[in-house]
Amino acid sequence: MKVVEDRLNKEYDKSTATTILDNIHAKTKELNHNYNLDTLAIFASTDDVQIVRMPIDTTERVVISDSFATRDLVRDMASAVHYYTVVLTRDNSRLIEASNDRVIREFDKDDDIQNNMENIQFPVENNGLYTTGDGGSDRSSNNESSHLKEYFNQVDKSVQELWGEHKMPLVIVGDAKNIGYYKEVCDRPDNIIATVSNVTNLEDGSAQHIVDSVQEAVEEYRTSLHHAALGEIDKARGANMLQTDLQEVYRSAFQGAGETLYVRRGYIQSAKIDEKAQTLSLVSDASAEGVTDDAIGEIIEHVIHNGGKAVFMPQDIMGEDQPIALVTRY
1280 MKVVEDRLNK EYDKSTATTI LDNIHAKTKE LNHNYNLDTL AIFASTDDVQ IVRMPIDTTE
1340 RVVISDSFAT RDLVRDMASA VHYYTVVLTR DNSRLIEASN DRVIREFDKD DDIQNNMENI
1400 QFPVENNGLY TTGDGGSDRS SNNESSHLKE YFNQVDKSVQ ELWGEHKMPL VIVGDAKNIG
1460 YYKEVCDRPD NIIATVSNVT NLEDGSAQHI VDSVQEAVEE YRTSLHHAAL GEIDKARGAN
1520 MLQTDLQEVY RSAFQGAGET LYVRRGYIQS AKIDEKAQTL SLVSDASAEG VTDDAIGEII
1580 EHVIHNGGKA VFMPQDIMGE DQPIALVTRY
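Going by this note's numbering, the sequence shown opens with residue 1280, and the numbers climb by one from there.
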């Protein structure tokens, strides 16, 4: 904040700087400090302040401009795996939202997001006929499986209701039998990206413990996405719907023809851009007049703005010889 204060006082009159700083301080006082490990993006003007929490690590910086610089944030967020972890036991089921190896939240009955749910709020307790503590219940194998399937079906209804808002992939955690029952009764099995049956302390373990325990599965999923992306690139190349020349990539992105942009992580290129002529010329001196220091960021913004998506590929999969590829819509 000291850097922000110094920059504002240097670049604006005292009244403007004071107004912006007061707005920032008022907004940051409202923060929940249970999430201090999250990255905070603070967008401030004399009229308003918006704070966005992001469960990613990013480079600390201050940007003072006529517009908000978000390219680095877009890169970081697009590189993350954002998912729900469904934790299953016979007596209780939990739902944890995470990004990579960081917990965003564990759903609780006090959460505003669950206030108007049609289905049961998380955590979902098993109040049916068969529970582990009910000594009088019929514990035959058939009754056990039937009651557990009914319970996990209720859990899935709650998962799907929350899923409908964000459509995130699911990691299912529990013992092998419970995972099997859940997969039998769930409405959208294709949403399950991984199952993990060796996690300990399912009921009492912290949300971070659960998320830490599924990271190997999450990384396997991320790797599968990268290999699938290579297949999509080859498929588009065969259909003559792939562009790898930076000038052509820029023009197609600008015109809204970009469906999916694949970018090698860390790839940044300075260039002179003429939007009117829809041309991009590479330059070596990023500080020269009229030069955009991150032309790749411009391309990413055009693709996303026009309804496409950006996928960031590891450097060992997408090499220096082809650091960018655009799959076009036509």
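Even glycine gets a Cβ: it sits at the ideal position worked out from N, Cα and C.
In this structure GLU1538 touches GLY1587 by the C-beta definition: roughly 5 Å separates them, less than 8 Å.
The region 1536 to 1551 makes no contact with the region 1489 to 1503, as fewer than three CB pairs between them are under 8 Å. GLU1482 and PHE1401 have their C-alpha atoms roughly 13 Å apart. In this structure, the straight-line span from the alpha carbon of HIS1505 to that of GLU1599 is close to 16 Å. If you draw a straight line from the Cα of ASN1394 to the Cα of SER1560, it comes to about 53 Å.
Below 8 Å, enough C-beta pairs join the region 1464 to 1478 and the region 1425 to 1444 to call them touching: three or more. Note that the C-beta distance between ASN1477 and HIS1488 is not below 8 Å. If you compare the alpha carbons of LEU1367, SER1566 and VAL1582 with that of ARG1530, the shortest gap goes to VAL1582. When beta bridges are read from the DSSP output, LEU1521 appears opposite VAL1606.
Per the coordinates, the alpha-carbon of GLY1517 lies some 14 Å from the alpha-carbon of ARG1608.
Judged by DSSP in its simplified three-state form, ASP1301 adopts helix. The continuous beta strand (DSSP E) containing GLU1385 extends over residues 1381 to 1385.
When beta bridges are read from the DSSP output, THR1539 appears opposite LYS1588 and VAL1606. In this structure, SER1372 lies away from VAL1341, with their beta-carbon atoms at least 8 Å apart. When the alpha-carbon of ILE1375 is set against those of ARG1384, THR1368 and LEU1367, the nearest one is in ARG1384.
Within the same chain, ALA1320 come within 6 Å of VAL1331 by CB-CB distance, once the 5 residues on both sides are set aside.
Around LEU1540, the same chain offers VAL1582, ALA1589 and LEU1605 as residues with beta carbons nearer than 6 Å, after the five sequence neighbours per side are excluded. Here LEU1441 carries a helix assignment [DSSP, helix/strand/coil].
For ILE1375, the pairing in a beta bridge is given by DSSP as THR1364 and GLU1385. For LEU1287, the enclosing alpha helix (DSSP H) has its first and last residue at 1281 to 1290.
About 5 Å separates the Cβ atoms of ILE1343 and ARG1286, confirming a contact at the 8 Å cut-off.
The beta carbon of GLY1545 is closer than 7 Å to those of GLN1594 in its chain, skipping five residues each way along the sequence. Beta-bridge partners of SER1560 (DSSP): LYS1551. The alpha-carbon of ASP1513 is positioned some 31 Å away from that of SER1563.
According to the DSSP assignment, ILE1489 belongs to no beta strand (DSSP E) but to the alpha helix (DSSP H) extending over 1486 to 1492. In the three-state scheme derived from DSSP, where H, G and I count as helix and E and B as strand, PHE1431 is classed as helix.
For ILE1583, the three-state secondary structure derived from DSSP is helix. For MET1597 and ASP1327, the gap between their C-alpha atoms comes out near 41 Å.
For THR1502, DSSP records no beta bridge to any residue.
With fewer than 16 other beta carbons inside 10 angstroms of its own, SER1324 counts as exposed.
Per DSSP, ALA1455 is one residue of the alpha helix (DSSP H) stretching across 1455 to 1464.
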